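Take a look at the structure below.
Residue numbers (our numbering): 455 to 1085.
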């Protein structure tokens, strides 16, 4: 039941219950979101996170409980499903309202300019009132600054210039998701409810979104499996498991530590109670043997009290299903072993899409046993490069090939199987030519067992599909794994299991990824695709980012010399422009430095200086435009 009330919390969910097919998904769940609070809703796939968001938004009706919003607030909601997103427009949709208001203002101004002074006071008052109201509305949504805000947001989320002018129906699912997210952020609602907002963003766009949310003055309720995002953004973690919610005011890493401490507390208390009960029962037997009934009865009352306490403690522990230690999938990762020679050879590789140069004579090698990450902004050709290596795309010049002897398996962004109508067990037996017993054993290793193996593939979650894929793939003992965003649809425990598998795998791994935990825990080489070039770095992602911090410092020092002025006006303008260019480049370099530091060492960032430099940069850019017009 959705209500609006004069309450302090932006959102108040109370005792919400929901069941599907006689399975309780939510069992009396309560949750609040306050202003300036960023609540991260986490949990394994199927735990009910998206269901809870849909109930909060009135898209599903719970079996019990209430959902209350503060009166008069604006709520922005991002779904995982692209069909539920905005339709019919991209950039034009952002400008529509501001353009309509500006047209209204210009029309009223034209009417006011026609006034002769002979009109009745009521006519003038009405026209002035209408103009004031329209102007207030215009300023409320940002006025002329909103154009800059729109461009900044769209670019920040990694949308290309082409995407900005394309109708939504022609955009990819990922682009639609980013357009929808941009709409929400620009509208500046009081409460943002976001379901997996980072899934279709590259690393730079995720970092931009993190910075936006950290400065956001409203409340945020977000579902995410991105652990860096959870660490940087979340002020409170709410974990769904077993239909119940476990909440702690902290980020994700701190939550794991506190949950471990709480689990250990419950286990220790229950263990101590078991020992006390056991000792008392032994004492009671001895007392009864000696016919000391009164003392035995007294001890029995103590046993009853302790057993009640044990039952209550067990209930408390189970009421937070999250405190049960999750058994992570264990996949057989035995490969053919790595070899010393080159697994991948790329030499002088060039590729064009129309007039656009995607790769401009790039070269690199990948050797046996290396764990390689291919990174870069959306549209830089990461997936295309994987297709070239696999021989799927032959429209290029130069060399791009895997070793002829390499046995590899490929996991794309969309996992496909023989038939969506087959059961998990049938697919495993057919794909790997296994009998039922061996197929069940291998499926159990990825936590697909019991009746779950009879589930139709079309009914599997994203994480379950990936687990089935690896159960099948690893039976061939490949030399090389080629992965395109392997963690994208996995929950947190499945991501950790995948990372453990990747690290244990004794072959080569080539993965496109924007998951920064993966990039730091499973990678020995980074290849960044940028502006048609491939930049190779030995080390994990954070080390690569730190290596980039030196360049801005050099740029800043180079641009400290003031430009000489000339008496000639044109020369004077040119001189001023050169000086401004130097200052602008230095500020841009410094801002890039702040942005990079916010990733690697967020506690050391001078946010006040960052904000001041950003404002100064905007002012200098305006000054530069004026000089440019004069020239």
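Every residue gets a Cβ at the ideal spot worked out from N, C-alpha and C, and that includes glycine.
Fair warning: this is a prediction, and the values are worked out from it, not measured in the lab.
Alpha-carbon spacing of residue i relative to residue j, whole angstroms
| i | j | result |
| --- | --- | --- |
| residue 726 | residue 483 | 31 Å |
| residue 728 | residue 764 | 8 Å |
| residue 1012 | residue 1035 | Legend: pLDDT at residue 1012 = 41, less than 50; position of this residue unreliable, no value from coordinates given. |
| residue 894 | residue 838 | 36 Å |
| residue 642 | residue 830 | 29 Å |
| residue 709 | residue 980 | 30 Å |
| residue 742 | residue 718 | 36 Å |
| residue 580 | residue 592 | 18 Å |
| residue 543 | residue 604 | Its pLDDT being 48, under 50, residue 543 is placed unreliably by the model, and nothing is read from it. |
| residue 469 | residue 756 | 35 Å |
| residue 919 | residue 510 | 28 Å |
| residue 748 | residue 758 | 15 Å |
| residue 761 | residue 754 | 10 Å |
| residue 569 | residue 808 | 56 Å |
| residue 971 | residue 584 | 54 Å |
| residue 844 | residue 996 | 29 Å |
| residue 625 | residue 574 | 54 Å |
Best match in the options for proximity to residue i [C-alpha to C-alpha]
| i | options | result |
| --- | --- | --- |
| residue 969 | 983, 957, 959 and 953 | 953 |
| residue 962 | 932, 987 and 974 | 932 |
| residue 956 | 940, 1073 and 481 | 940 |
| residue 471 | 486, 519 and 855 | 519 |
| residue 478 | 500, 904 and 841 | 500 |
| residue 949 | 973, 930 and 929 | 973 |
| residue 859 | 645, 928, 929 and 797 | 797 |
| residue 703 | 795, 568, 918 and 688 | 688 |
| residue 395 | 632, 661, 986 and 823 | The structure shown has nothing for residue 395, since the chain only spans 455 to 1085. |
| residue 662 | 679, 647, 673 and 632 | 632 |
| residue 525 | 510, 568 and 463 | 463 |
| residue 888 | 930, 906 and 861 | 930 |
| residue 486 | 674, 651 and 965 | 674 |
| residue 680 | 945, 1027, 996 and 1073 | 945 |
| residue 696 | 514, 734, 770 and 967 | 770 |
| residue 947 | 795, 928, 921 and 927 | 921 |
| residue 799 | 810, 821, 515 and 808 | 821 |
| residue 698 | 1074, 481 and 1071 | 481 |
First through last residue of the alpha helix (DSSP H) which encompasses residue i
| i | result |
| --- | --- |
| residue 589 | 575 to 594 |
| residue 685 | 681 to 687 |
| residue 919 | 916 to 927 |
| residue 721 | 706 to 743 |
| residue 886 | 878 to 886 |
| residue 996 | 995 to 1001 |
| residue 836 | 836 to 843 |
| residue 666 | 657 to 669 |
Contacts around residue i, its chain only, beta-carbon distance under 6 Å, and the 5 residues preceding and following it disregarded
| i | result |
| --- | --- |
| residue 812 | 805 and 835 |
| residue 916 | 943 |
| residue 490 | none |
| residue 701 | 692 |
| residue 977 | 825, 827 and 994 |
Beta-carbon contacts of residue i that lie in its chain and below 8 Å, excluding the five residues immediately before and after
| i | result |
| --- | --- |
| residue 588 | 555, 558, 559 and 562 |
| residue 690 | 491, 492, 493, 494, 701, 702, 703 and 704 |
| residue 488 | 462, 463, 464 and 673 |
| residue 875 | 910, 911 and 912 |
Delimiting residues of the beta strand (DSSP E) encompassing residue i
| i | result |
| --- | --- |
| residue 799 | 796 to 807 |
| residue 962 | 962 to 966 |
| residue 468 | 465 to 474 |
| residue 503 | First-last for residue 503: 503 to 510, but that is the alpha helix (DSSP H), not the beta strand (DSSP E). |
| residue 979 | 979 to 984 |
| residue 956 | No beta strand (DSSP E) holds residue 956; the alpha helix (DSSP H) holding it covers 946 to 958. |
Contacts around residue i, its chain only, beta-carbon distance under 7 Å, and the 5 residues preceding and following it disregarded
| i | result |
| --- | --- |
| residue 724 | 764, 767 and 768 |
| residue 473 | 479 and 517 |
| residue 503 | 495, 497, 677 and 694 |
| residue 649 | 504, 507, 532, 533, 534 and 677 |
| residue 938 | 837, 840, 865, 866, 867 and 966 |
| residue 884 | 872 |
| residue 730 | 760 |
>> Between the segment 901 to 914 and the segment 877 to 893, can you find at least three pairs of beta-carbon atoms closer than 8 Å?
In response: yes
> Is there contact here, the segment 522 to 534 with the segment 638 to 650, by at least three beta-carbon pairs under 8 Å?
Replying inline: yes
>> Would you call the segment 851 to 865 in contact with the segment 979 to 993, where contact means no fewer than 3 C-beta pairs closer than 8 Å?
In response: no
> Can at least three beta-carbon pairs, one atom from the segment 672 to 686 and one from the segment 733 to 743, be found at a separation below 8 Å?
Replying inline: no
> Taking contact to mean at least 3 C-beta pairs separated by less than 8 Å, is the segment 654 to 661 in contact with the segment 602 to 614?
Replying inline: yes
>> Three or more C-beta pairs under 8 Å: does that hold for the segment 659 to 673 against the segment 867 to 874?
In response: no
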